[in-house]
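The opening residue of the sequence shown carries number 27 in this note's numbering; numbering runs sequentially from there. Note that the Cβ used here is the ideal one computed from N, Cα and C, for glycine as well. Bear in mind the structure is a predicted one, so any value in this text is a computation, not a measurement. Below: the structure, in structure tokens.
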Amino acid sequence: MKRPLLLFVLLALVAVGIMLLRSCGDTAPQDSADAATSSQAGRAADGTGPDADAAARARAIARQREEAMHAAVSTLHRYLAALGGTDRAAADAFWAGKRPPAASGEADLRSLEKLRSLRSENGKPKPLDSETVPNALEIPIELRASLQGQPLRRYRGWYRMRRAVADGGWEITSASIAPVTR
27 MKRPLLLFVL LALVAVGIML LRSCGDTAPQ DSADAATSSQ AGRAADGTGP DADAAARARA
87 IARQREEAMH AAVSTLHRYL AALGGTDRAA ADAFWAGKRP PAASGEADLR SLEKLRSLRS
147 ENGKPKPLDS ETVPNALEIP IELRASLQGQ PLRRYRGWYR MRRAVADGGW EITSASIAPV
207 TR
């Protein structure tokens with residue numbers, strides 16, 4: 027009686043062993059694929075391999091894009107600072123052609139007198155072209171003008187800017203600024 031029980035246990039162990047071998051054999055190719063993926067991930071993490079090169083290029087383009095937008099916004103802020111001053115020629119130099127169009131679209135900003143301060147808050151620049159690093163932008167803006175002896179004036183609109191061909195700097199091409207009435 028012990029012999030059939032021993033034989034049954036032995037067969038059961040063999041069956042379990044075969045099932046384990048099959049299950050291990052089924053995952054072996056997956057383990058190889060995981061090892062290859064881990065190897066590629068390791069190369070990407072340590073800065074080698076094609077994925078790392080693509081990621082580095084993408085980061086460089088994103089950095090150039092952000093730098094271009096930052097430069098355009100900085101140019102607009104310098105223009106607004108010059109606009110608040112007394113030297114109109116300095117402000118005009120920020121426009122394409124070094125002077126604003128006859129109807130600049132800036133409401134009465136260019137004719138404000140006794141300006142004490144001009145505060146600006148710009149929105150995120152919107153590319154107007156399909157270039158990876160934009161050459162033309164629209165910058166939404168809100169302005170508050172404080173005039174001596176007058177109530178605070180508010181304006182809202184946008185400035186459009188493009189990269190100048192001659193020096194790569196940014197210049198204003200058009201504007202649409204309107205007074206905000208409450």
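- Boundaries for leucine 178: no beta strand (DSSP E) harbours it, and the DSSP string shows neither H nor E there.
- A direct Cα-to-Cα measurement between valine 206 and leucine 169 gives close to 9 angstroms.
- Contact annotation: asparagine 161 and arginine 189 have beta-carbon atoms nearer than 8 angstroms.
- The Cβ-Cβ distance between proline 153 and isoleucine 165 does not fall below 8 angstroms.
- If you draw a 10 Å sphere on the C-beta of valine 191, you find fewer than 16 other C-beta atoms in it, and that means exposed.
- In the three-state reduction of the DSSP assignment, threonine 112 falls in the coil class.
- Note that the C-beta distance between serine 146 and alanine 201 is not below 8 angstroms.
- Threonine 199: member of the beta strand (DSSP E) spanning 196-205, first to last residue.
- Residue pairing by DSSP puts serine 143 in a beta bridge opposite Ser172.
- Nearest in C-alpha terms to glycine 194, of all of Ala88, Asp77, Ala81 and Met95, is Met95.
- With a contact defined as Cβ atoms closer than 8 angstroms, leucine 102 and isoleucine 203 miss out at about 12 angstroms.
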